[in-house]
Structures are given as C-alpha cells and as structure tokens.
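Inspection log for the structure reproduced underneath, given as structure tokens.
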Amino acid sequence: MIRREIETGLEGFRLWPGALSPDEQAALRDEVMEAVEAAPFYRPTTRSGRPFSVEMSNLGPLGWVSDRGGYRYQPVHPATGAPWPPMPERLLELWSELTGWPEPPDACLVNLYREGARMGLHQDLDEADRAAPVLSVSLGDTAVFRIGAAEGGPTRSMRLASGDVCALTGPARLARHGIDRLLAGSSNLIPGGGRLNLTLRRAA
Ligand code: MD3
Ligand code: FE
C-alpha cells in the first residue's frame, strides 16, 4: 500500500490516490468476487419499490439493505437468508492502518456499478455511531462523484479511480455525496466491465 495523502479542500475528507498497486487491486478483486459467490449481488429497492441501478452485496457481521421496510443493517442476505461472508483480512488491515479507529469495521457494503449505474446524492445516516469514519475503496472504472457539505450549498465533482482509497471523517462523515456516472472502459479490472466500491463502516 502507498500512503500518499492529497489535500481535498474538504475538512475530514481524506484521499489516498492509487493507494493500492495494480497487483493489490487484482488480489482484492479476486478475494471479494470469491467471497460474494456465497452472497450474490442483487438490486435493493427503495421504500417505494424502485430498484437501485447499483447492484449490492455485503461482507462482515452486518450488511446494509433496503426494501419496502426502509434502510437498515442486518446480519443476513435478504434473498438467501444466509449470514454475510466474512470480511477479507486485508480490508480489516487497511481500515486500521488508514483510519486508526480503535474498533474494527462490522460492515462492508459492496457496490457493483455496471455501465450506466449511478447513485443519487445522499448522506450515510444508518450507522449507530456517526462519529466513526467510513473507508471507501474503489476498483475498476473511474467514477465521477459529487460531494458537498452536510448543511447543503455547493457540491464539487471529483474522480475516484481504481486503487483510490478515501476516508470520511469528522465534518465530512455526514457530507452529501453520490456517483454521477462511470467513465466506462477506463479500467479492465472488473470482468464484464464496471466498478466495485467497498465501504467499510461501524454499523452497530
Ligand atoms: C461516505 N458509495 O455506499 S463511496 C455508499 O462509490 C456510497 O459506491 C459511493 O456512497 C460509491 O453509501 C461513494 C465514497 C464516499 C464519498 C463520500 C462520502 C463515501 C462517503 C461522504 C460521507 C460518507
Ligand atoms: Fe454513501
């Protein structure tokens, strides 16, 4: 891992471009793709029943789900009823090395963006401890993402490329953020194309 942090101009938004080498990206992709064989990607729906364009799965004790009952964390896959597969050890190490948070993450949401998938502007508010950081790892196609202050006001657009890692801490933890689009074909890392995003959290 390369620990070269850049200044983002947003307090608490910590970004390490290219933190993972190409070999590390491939190893993590393989580990995650193997783990989710037991917890297949699916498209959650909003409370109104509209499916997300992003496909999702989870690793670790708790997983983020959404359906007609709303948003929540739960210990089992909504379709199979099985516990989420364990979180790869290298993700636990990445969390402690980059966030320094004293407790390990108990949830890893795995988002799969195929061409055309996007994620609307939102805040991450479903975690019990909103003081704990969120750590995000991007793999595959570059994403154009948008971030702005929790209170509203202007947003700015940035890119998240394969191997980039970011931590949302302090005032940035409640920032509004979303994925506008992918730069399709910018990476060959994900079989079938697209982007994987892993977010490590303290959910409970
Ligand atoms: C968290 N995922 O899963 S990750 C999400 O690329 C989510 O799949 C996006 O938003 C993705 O909830 C973005 C990077 C990110 C950026 C800003 C944040 C995560 C953030 C600000 C606050 C909390
Ligand atoms: Fe989010």
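In this text, residue positions in the sequence shown follow the numbering used here: the first is 7, and each later residue adds one. Beta carbons are placed, not taken as given, at the ideal position from N, Cα and C, and that holds for glycine. Since we're looking at a predicted model, the values are computed, not measured.
Taking 7 Å as the line, does the beta carbon of residue i fall inside it for any heavy atom of ligand 2?
i      : result
Asp112 : no
Asp216 : No answer is possible for residue 216: it lies beyond the span of the chain, which begins at 7 and ends at 210.
His83  : no
Return yes when at least one heavy atom of ligand 3 lies under 7 Å from the C-beta of residue i, else no.
i     : result
Ser54 : This structure does not include ligand 3; its bound ligands are ligand 1 and ligand 2.
Return the bridge partner residues of residue i from the DSSP annotation.
i      : result
Phe19  : Leu174
Gly69  : Gln80
Gly184 : Arg152
Thr51  : Pro57
Thr205 : Leu115, Ser142
Met62  : Tyr48, Asn117
Could you tell me whether any non-hydrogen atom of ligand 1 is closer than 7 Å to the CB of residue i?
i      : result
Met39  : no
Thr148 : no
Phe58  : no
Met125 : yes
Phe47  : no
Ile12  : no
Thr175 : no
Ignoring anything shorter than 3 residues, give me the beta strand (DSSP E) runs that lie fully in the region 93-172, in order along the chain.
Taking only runs of at least 3 residues, the beta strand (DSSP E) segments lying wholly in the region 93-172 are 113-119, 125-128, 140-146, 149-154, 161-166.
Is the region 91-102 touching the region 149-166 in the sense that three or more CB pairs, one from each, lie closer than 8 Å?
no
Is the number of C-beta pairs between the region 21-33 and the region 166-173 that are closer than 8 Å three or more?
yes
I want to know whether the region 27-34 touches the region 47-60 - three or more CB-CB distances under 8 Å.
With a cut-off of 8 Å on Cβ pairs, the region 27-34 is not in contact with the region 47-60, counting fewer than three such pairs.
Between the region 72-79 and the region 193-201, can you find at least three pairs of beta-carbon atoms closer than 8 Å?
no
With a threshold of 8 Å, are at least 3 pairs of Cβ atoms found where one atom belongs to the region 80-88 and the other to the region 148-157?
no
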